[in-house]
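In this note's numbering, the protein residues as written are 235 to 587. Single-structure report; data block below.
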DNA sequence: AACGCGGGGCT
DNA sequence: AGCCCAGCGTT
């Protein structure tokens, strides 16, 4: 049987019921595709529900503030997706009167929409036969055809896109694209794929040559950087603390954090007290400083490891531009900060001292 | 072409 | 602790 026949048949018998599969409205498909970039369905699903509930149309999303969008996105990571999502919503609502581009070429021009996402929207919403190539497709094709070209090379990029484009069912591109991705996600999984019940197991090259665990081939990632983060959790007499917005390039752009002192090496308590005493916010008003976590909290990003300490710094004055600790929940913060806020009880600390 | 960008799951 | 998952924008 033809590849596309087999995969679409498998899909009709095995697909999951997911909310974005109930619609062809480009707004909802676009939203789901942005959320699902580098993100598994289980992780993205609750965010899709939140976003469609808060912003039922592109106009609702466009009229929101960026901080509201980031707050709703909090915890999902890759925050440029949220900033681009919001910018594109404003563009579509205002410049295009709410009408989405209806073809691959024009979709590709949108901020945050690359080859994969443009192909997905064009095929699902507008029946255009442009093949999607996401991580699932790389895995399925490299195994089935026994292809050793590294998937994260420009050569592999080209090769797999071309192959997928040759295989796509031009009569039904929406189903084909979703079928091959779903197949990769739930059956032809990275680890322990279900080869024994696979409809392709008689013709899959990787399976028949016992090379499942070797494919797909990937170029090694660069070594992770290690950084030492010291967050200053200020407590002022007026029960306020300080959050700062991260500006410029780098991680967590436009999210909030406690004032940060990054050091070359892990800090010792005595050295760090000297540093904090000289801090412009503290000057000579330091009452007490407590290290919240004796052992560094290691927050792992795919490209850097953050060895993190939270320092509780009580200062004997009122704050200038602090925020009430009772309102700290209103700020979009990285999950590393969010977890701390969830566990640390500002009120009990205030009364305890 | 190379690099930066999150967070979660598994072992 | 170290391994896996990975689209898009920038440089």
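Even glycine gets a Cβ: it sits at the ideal position worked out from N, Cα and C. Quick caveat, the model's predicted, so the values are computed rather than measured.
For residue 294, the enclosing alpha helix (DSSP H) has its first and last residue at 292-297. Using a 10 angstroms sphere on the CB of residue 373, the tally of other CB atoms reaches 16 or more, which defines it as buried. With respect to the C-alpha of residue 267, the residue from 245, 474, 298 and 318 having the closest C-alpha is 318. Nearest to residue 494 by alpha-carbon distance, out of 468, 254 and 474, is 468.
Straight through space, the alpha carbons of residue 434 and residue 570 are spaced by roughly 43 Å.
Excluding the 5 residues flanking it on each side, residue 355 has same chain C-beta neighbours closer than 7 Å at 260, 263, 264, 267 and 341, in chain order. By the C-beta density criterion, residue 500 is exposed, having fewer than 16 other C-beta atoms within 10 angstroms. Counting C-beta atoms within 10 angstroms of its own C-beta, residue 431 has fewer than 16 neighbours from the protein chains shown and is therefore classed as exposed. The closest CA to that of residue 296, considering only 328, 258 and 368, is found on 328.
About 6 Å separates the beta carbon of residue 474 from that of residue 557, a gap short enough to meet the 8 Å contact definition.
Cβ atoms of residue 450 and residue 515 stay farther apart than 8 Å, at about 50 Å.
The Cβ atoms of residue 541 and residue 463 sit closer than 8 Å to each other. Residue 308 and residue 389 have their C-alpha atoms roughly 35 Å apart.
Counted as a single uninterrupted DSSP element, the alpha helix (DSSP H) harbouring residue 284 occupies residues 275-288. Under the DSSP definition of a beta bridge, residue 462 partners with 497 and 541.
Apart from the 5 residues on each side of it in sequence, residue 480 sits with its Cβ closer than 7 Å to the Cβ of 486, 487, 488, 489 and 491 in its chain, given in chain order.
Counting along the chain, no beta strand (DSSP E) covers residue 481, and no H or E run does either.
If you check the CB distance, residue 404 and residue 363 come in under 8 Å. For residue 448, there is no enclosing beta strand (DSSP E), since its DSSP letter is neither H nor E. The beta carbons of residue 366 and residue 357 sit closer together than 8 Å. Annotation for residue 525: the continuous beta strand (DSSP E) segment containing it runs 520-525.
Taking 8 Å as the cut-off, the Cβ atoms of residue 245 and residue 409 count as close.
Here DSSP, grouped into helix, strand and coil, assigns residue 399 to helix.
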